[in-house]
Amino acid sequence: MRQIAKECGIQAGSLYYHFKSKDEIVAEVLELGIELIANAVKAELEQLGKDVGFSDRFHAAIRAHLNAFFLHRHYTATHIREFKQAPLGARTKNIKTRDAYEQLWADLFAQGVREGVVATDVDLRFARLLLLSSMNWALEWFKPKGQRSFDELGTTIVRIFLNGCSARTDE
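All residue numbers for the sequence shown refer to our numbering, where the first residue is 842 and numbers rise by one.
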């Protein structure tokens, strides 16, 4: 607590004015980590509107997830790396937000199935978890100021996810 207070430029006891316990601080950081991403993706999808097809919405959602993930990486990385080790109370509070975010992706995949872009025999829960895991793990290897942009990363994820790594026959 002293280290957190020092970073904030306040006395350690002052933290307890805002938070009742260390666990409450952890819960808040976890919540911010997922909320910042979820809000960015929701805003992007709302801006596009429901009349836009699955492929464009899918790409926009991936791009928004990646941009928010890296923009707010101090919170998002903590959420990804520390969730399982966090106290039960902090995790319990956060599960509703995580579930709502996963539902957003479930609805998006359902749109893909309705439009015939996503195969009906694909386990959509597995696909959703695989996609989210791959985007979140990009934190470990993707360099935002490297050779590729977020949009290129998003385009690559969409291509591999929807078309696999098979050679293209249309080229």
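Think of the CB as a built atom: it goes at the ideal place given N, C-alpha and C, for glycine as much as any other residue. Every value quoted in this text rests on a predicted model; they were computed, and no experiment measured them.
Status (buried if at least 16 other CB within 10 Å, exposed otherwise) for residue i
i	result
residue 978	exposed
residue 917	buried
residue 885	buried
residue 899	buried
residue 882	buried
Beta carbon of residue i nearer than 7 Å to that of residue j
i	j	result
residue 936	residue 910	no
residue 983	residue 994	yes
residue 895	residue 956	yes
residue 901	residue 889	yes
Coarse secondary structure for residue i, derived from DSSP in three states
i	result
residue 988	coil
residue 956	coil
residue 864	helix
residue 927	coil
residue 967	helix
residue 919	helix
residue 882	helix
Say whether the segment 986 to 1001 touches the segment 926 to 934, bearing in mind that this needs 3 or more beta-carbon pairs closer than 8 Å, one atom from each stretch. no
Counting pairs of beta carbons, one from the segment 864 to 871 and one from the segment 951 to 970, are three or more of them closer than 8 Å? Taking 8 Å as the limit for Cβ pairs, the verdict is that the segment 951 to 970 does not touch the segment 864 to 871.
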